[in-house]
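S.K.: Provided herewith is a single structure, encoded as structure tokens, for subsequent inquiry.
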């Protein structure tokens, strides 16, 4: 238990450093933007005096490090600034969009994990036989399929030609309308999860094959222990370490892919917020959304690190 607590402590100790690094990088990159926040906020008809007053009030004329420090102080307090002529809150827009993106990301993750686990295990158990060969062909096809292209095909198939599932419209709350929520999320989640399922299937198959070839498996089966018992109790647990490592990186891909998929399916998530910020010249909105997505990716990967301990207690000693 002490080793486990030390592992958690090390991960939490690194978290503020990573958050500071991400905040610095996002702020630094956005400082190169040629868009004047004062012009974006006040509009085309604003006088030069009004623009200068806005810059002075928002600290835009301060030195770069002073602006970054003010940005950090406001960020810690939950203030990401405002955007638009009506001075809408970036934090409120992110608070509206972030749950939609996370719902889409984790539904796509669930689809990817279920498909990859089932097909990866079957391919490993029937290595070099016809089920394995078929699964390998489909996994390569899934990897080669861009999520946005698959999204367009599914819209044509299941929303236009056969109107079975909606491709646009408001997303109902899951607690109020579970069936409506699932119908609205089905197509984007499948488009997001299928490419990840293809790559994860190959990782699970390879890890399972390597584990099945180890001496302890042959010894256990030779001693009369049923193969299904050895696979379920030992092989699966040991073989899942590598896939979980890859899964942590794939979550970042899913978050990035969700940004594109949301635009295709007209979902008011983080992707639509970024598009809105780029199209209407709202750099503070883009900055806030990118920062929150990056921080979510960091936190999720720390949680994945914690899963290592549950899968293999030997990692507690690391």
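Residue numbers (UniProt numbering): 1 to 318.
Each residue gets a CB set at the ideal place from its N, CA and C atoms; glycine is no exception.
#1: What are the complete alpha helix (DSSP H) segments, minimum 4 residues, inside the stretch 192–275?
#2: Could you tell me which uninterrupted beta strand (DSSP E) segments, each at least 3 residues in length, are contained entirely in the stretch 27–96, listed from first to last along the chain?
#3: Just to confirm, are residue 108 and residue 208 a CB contact at a threshold of 9 Å?
#4: Exposed or buried, residue 162, counting other C-beta atoms within 10 Å across all chains shown (16 or more means buried)?
#5: Who are the near neighbours of residue 147 in its chain, counting only those whose CB is closer than 8 Å to its CB and skipping five residues on each side?
#6: If you measure between the beta carbons of residue 275 and residue 263, is that distance less than 9 Å?
#7: So for residue 189, helix, strand or coil by DSSP?
#8: Shortest alpha-carbon distance to residue 189 belongs to which of 113, 49, 225?
#9: Do you know how far the Cα of residue 56 is from the Cα of residue 100?
#10: Give me the residue from 284, 255, 218, 166 with the minimum Cα distance to residue 80.
#11: Please state whether the Cβ-Cβ distance between residue 139 and residue 199 is less than 9 Å.
#12: Between the stretch 148–161 and the stretch 56–71, can you find at least three pairs of beta-carbon atoms closer than 8 Å?
#13: Can you check whether the CB of residue 46 is closer than 9 Å to the CB of residue 82?
#14: Could you check where the alpha helix (DSSP H) with residue 141 kicks off and where it finishes?
#15: Rounded to whole angstroms, what's the CA-CA distance from residue 129 to residue 232? Just pull it up for me.
#16: For residue 158, name the three-state secondary structure that DSSP assigns.
M.R.: In short, the structure shows the following:
#1: The stretch 192–275 contains these whole alpha helix (DSSP H) runs: 215–222, 227–230, 236–239, 241–264.
#2: The DSSP assignment places no complete run of the beta strand (DSSP E) inside the stretch 27–96 (cut-off: 3 residues).
#3: Result no, Cβ atoms of residue 108 and residue 208 do not sit closer than 9 Å.
#4: By the beta-carbon neighbour count (other beta carbons within 10 angstroms, threshold 16), residue 162 is exposed.
#5: Only 191, 192, 194, 195, 257, 260, 261 meet the Cβ criterion.
#6: Residue 275 is a Cβ neighbour of residue 263, given a cutoff of 9 Å.
#7: DSSP, reduced to helix, strand and coil, places residue 189 within a helical segment of the structure shown.
#8: With distances taken between Cα atoms, residue 189 lies closest to 113.
#9: Whole-angstrom Cα-Cα distance: 36 Å.
#10: Cα-wise, what sits closest to residue 80 is 284.
#11: Yes, the Cβ-Cβ distance between residue 139 and residue 199 is below 9 Å.
#12: Counting Cβ pairs under 8 Å, fewer than three are found: no touch.
#13: For residue 82 and residue 46, no; Cβs fall outside 9 Å.
#14: Start and end: 130–143.
#15: So the two alpha carbons sit approximately 21 Å from each other.
#16: Helix.
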